[in-house]
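Peer 1: According to this note's numbering, the sequence shown is numbered sequentially starting from 145.
Take a look at this one; I'll ask things after.
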Amino acid sequence: MDQKKHLPLPERQRELGQTIGEISRAWRYEINMRLKPYGLNQSMQQVLVQLHRHPDGLMQRDLARKLGIEGPTLVRLLDLLEQKELIARIPSPDDKRRKYSVLTTKAAEQIRIIEKISGELRTVMLEGLSSAEIDSGLQLVRRMRNNLLTD
């Protein structure tokens, strides 16, 4: 019998929160280790994936909001990705002071690598889980996310 089921609810809630944090840190560590040989890290990966999802590009403030990071942090990431020739900053046709970040053709190979590495790591993370367990877990974390997003 699982002793954890007998813990008081507040302790189980605390453990759930801690476990989510541990999963997040373990994912970040593993993805960083796997991307390092390609000169990338998770932060860069997140920028590239967002821009891949928005082929027309994103303005800096919109990209920062989607990533949940501050503008100065994003600027450093964009500078690095621009140096690697993976993104370009193009002026807005409406306002030359605003720039859109877009992927370059060179980024296509990096996106393929990112998708392959992410898929492999997801397989490792979800190993041994049934389809029903994945569905149940997804439902659970979606509700938790929605609880946090609806203030």
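Backbone N, C-alpha and C fix where the C-beta goes; we use that ideal spot for every residue, glycine too.
Because the structure is a prediction, the values reported are computed rather than measured.
1) I'd like to confirm the pairing. Which residues does DSSP put opposite TYR244 in its beta bridges?
2) Between LEU284 and the rest of its own chain, which residues show a CB-CB distance below 7 Å, the 5 nearest in sequence each way excluded?
3) Please list the terminal residues of the continuous alpha helix (DSSP H) segment that includes TYR173.
4) Assign TYR173 to buried or exposed, taking buried as 16 or more other Cβ atoms, counted over all protein chains shown, within 10 Å of its Cβ.
5) Check each candidate in PRO154, LEU207 and GLY201 and name the one with the smallest Cα separation from PRO237.
6) Could you tell me which of SER187, ARG197 and HIS150 sits nearest to GLY212, measuring between CA atoms?
Peer 2: According to the data block:
1) MET203 and ILE234
2) none
3) 153 to 179
4) exposed
5) GLY201
6) SER187
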